[in-house]
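*Asks:* Adding 6 to a residue's 1-based position in the sequence shown gives its number in our numbering.
All residues carry an ideal CB built from backbone N, CA and C; glycine is no exception.
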Amino acid sequence: MKIVSAFIIGALAVALIAQQTAQDSKPQQPKEAPKVSKPKVSKTDAEWRKSLTPEQYEILRKKGTERAFTGKYWNHKEDGSYLCAGCRTELFKSNTKYDSGCGWPSFYEALDKEKVIYREDRSFGMKRIEVLCATCDGHLGHVFDDGPRPTGLRYCINSAALDFKKADAKKAEPKKPENKKQPAKK
């Protein structure tokens with residue numbers, strides 16, 4: 007019995023040493039650089055009124071809502087990024103925008119979960135989830151769980167809470183050298 011126990015202990019020791027050696031020989035992955043978040047934007051009410059249009063102020067600072075099918079971006083189809091109109095934080099990409107039929111720009115995913123804040127909203131006798139810009143606390147709209155795959159979410163965002171930045175045009179591809187025929191040798 008002692009021989010069997012000694013054999014098992016020896017086999018386990020060899021296996022542990024082999025495993026440790028294999029782990030040590032794997033190349034080390036570089037650590038991901040910490041995300042640098044944009045500093046919080048804090049302005050007085052007067053400063054917000056001065057920097058925003060009246061409609062933007064009503065939506066971003068007073069939690070208003072524009073009428074459906076009237077906003078600048080509800081039917082917008084260009085490739086690019088949607089930014090917070092209050093602080094220019096990039097919030098959504100156009101490739102996550104879709105036509106939900108609700109009359110407001112709809113996205114199935116925020117660009118980065120750290121760029122938006124979610125708060126329970128029980129106004130108007132409803133229970134909803136409000137979406138705010140994490141940088142300036144501006145009201146953007148609401149998120150619902152009736153969206154398409156892959157997330158099942160519908161970020162219903164006010165156009166006036168957004169600005170749009172076009173995607174950079176693709177760099178022109180280098181021209182291929184022309185295939186000139188060489189004169190036949192005589």
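#1: Specify, as a first and last residue, the run of the beta strand (DSSP E) that Lys171 falls within.
#2: Going by other Cβ atoms of all chains shown within 10 Å of its Cβ, with 16 needed for buried, is Ser129 buried or exposed?
#3: Got a sec, what are the start and stop residues for the alpha helix (DSSP H) Asp143 sits in?
#4: Sorted by chain position, which residues of the same chain lie with C-beta nearer than 7 Å to Thr102's C-beta, five sequence neighbours on each side aside?
#5: What number of angstroms, rounded off, separates the C-alpha of Lys172 from the C-alpha of Glu84?
#6: Secondary structure at Glu64, three-state DSSP: helix, strand or coil?
#7: The alpha helix (DSSP H) with Arg125 in it runs from where to where?
#8: What separation, rounded to the nearest whole angstrom, lies between the Cα atoms of Arg134 and Asn164?
#9: Do you know how far the Cα of His145 is from the Cα of Lys68?
#10: Which of the three DSSP states is assigned to Ser100 in this structure?
#11: So if DSSP puts Tyr88 in a beta bridge, which residue, or which two residues, is it bridged to?
#12: How long is the line joining the alpha carbons of Asp118 and Gly77, rounded to whole angstroms?
#13: Would Ala91 be called buried (16 or more neighbouring beta carbons within 10 Å of its own) or exposed?
#14: If you run the structure through DSSP and keep just helix, strand and coil, what is Gly131?
#15: Using the Cα positions of Glu72 and Lys46, report the straight-line distance between them to the nearest angstrom.
#16: Mind checking if Ser57 is an interface residue toward chain B, Cβ cutoff 8 Å exclusive?
#17: Which residue comes first and which comes last in the alpha helix (DSSP H) that contains Arg55?
#18: Taking only the alpha-carbon atoms, compute the straight-line gap between Thr59 and Glu53 and give it to the nearest angstrom.
*Replies:* Here's the rundown:
#1: Leu168 to Lys172
#2: exposed
#3: Counting along the chain, Asp143 falls outside any alpha helix (DSSP H), and DSSP gives it neither H nor E.
#4: Phe113, Tyr114 and Glu115
#5: 7 Å
#6: helix
#7: No alpha helix (DSSP H) contains Arg125, which is instead part of the beta strand (DSSP E) from Val122 to Asp127.
#8: 15 Å
#9: 8 Å
#10: helix
#11: Phe98 and Phe170
#12: 24 Å
#13: buried
#14: helix
#15: 26 Å
#16: Looking at the structure shown, chain B is missing, and only one protein chain is on hand.
#17: Asp51 to Ser57
#18: 12 Å
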